[in-house]
Amino acid sequence: MDRLVQEYIKQMKLAAGLNTQRIFAAWDACSGAGPFTLKRFFRGGTLYITLNSSVIRNQLYFQKDVLVEKMNAYLSQDELFTSDNRTVGFIENLILK
Numbered sequence: 281m282d283r284l285v286q287e288y289i290k291q292m293k294l295a296a297g298l299n300t301q302r303i304f305a306a307w308d309a310c311s312g313a314g315p316f317t318l319k320r321f322f323r324g325g326t327l328y329i330t331l332n333s334s335v336i337r338n339q340l341y342f343q344k345d346v347l348v349e350k351m352n353a354y355l356s357q358d359e360l361f362t363s364d365n366r367t368v369g370f371i372e373n374l375i376l377k
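Last residue of the sequence shown: 377 (this note's numbering), numbering continuous.
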């Protein structure tokens with residue numbers, strides 16, 4: 281059944297949008313800053329996050345590398361995340377605004 285779901289996602293070309301939503305879910309789960317997040321945007325391996333609290337932004341700024349590793353580990357365990365997608369893959373960089 282898992283294989284059929286993956287094939288359906290590829291055939292219907294839903295992988296990029298689904299991967300983006302899974303990346304945003306990884307941000308919420310790994311950072312704990314979901315309630316303080318105003319905007320999320322992902323392009324070219326970079327996740328752009330706009331926060332409404334400068335204090336939280338500064339705290340997370342010093343944890344950027346650890347957060348990227350945690351989010352990628354979270355994504356690699358996610359069954360719906362398609363790691364071989366060319367347009368939306370793993371997170372390479374994190375920009376906090």
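Every residue gets a Cβ at the ideal spot worked out from N, C-alpha and C, and that includes glycine.
Count the other CB atoms, across all protein chains shown, that sit within 10 Å of the CB of residue i; report buried if there are 16 or more and exposed otherwise.
| i | result |
| --- | --- |
| Ala313 | buried |
| Val368 | buried |
| Ala309 | exposed |
| Ile375 | exposed |
| Phe342 | exposed |
Write down the C-beta distance between residue i and residue j rounded to the nearest angstrom, noting that I regard them as a contact closer than 8 Å.
| i | j | result |
| --- | --- | --- |
| Ala295 | Asn365 | 5 Å |
| Leu347 | Leu355 | Leu347 to Leu355, Cβ: 12 Å. No contact. |
| Lys290 | Ile329 | Incorrect: roughly 28 Å between the Cβ atoms, too far for contact. |
| Asn373 | Thr326 | 4 Å |
| Glu359 | Asp282 | 7 Å |
By Cβ distance, which residues of its chain are closer than 6 Å to residue i, with the 5 residues on each side in sequence left out?
| i | result |
| --- | --- |
| Ser333 | Phe316 |
| Ile303 | Phe322 |
| Ala306 | Met351, Tyr354, Leu355 |
Beta-carbon within less than 8 Å of residue i's beta-carbon, same chain only, minus the 5 sequence neighbours each way: which residues are those?
| i | result |
| --- | --- |
| Gln286 | Thr362 |
Would you identify the three-state DSSP class for residue i, choosing helix, strand or coil?
| i | result |
| --- | --- |
| Lys319 | strand |
| Ile371 | coil |
| Leu298 | helix |
Quick one: residues in its chain with C-beta nearer than 7 Å to the C-beta of residue i, no 5 flanking neighbours on either side, listed in chain order?
| i | result |
| --- | --- |
| Arg337 | Leu331, Leu376 |
| Ser311 | Leu340, Leu347 |
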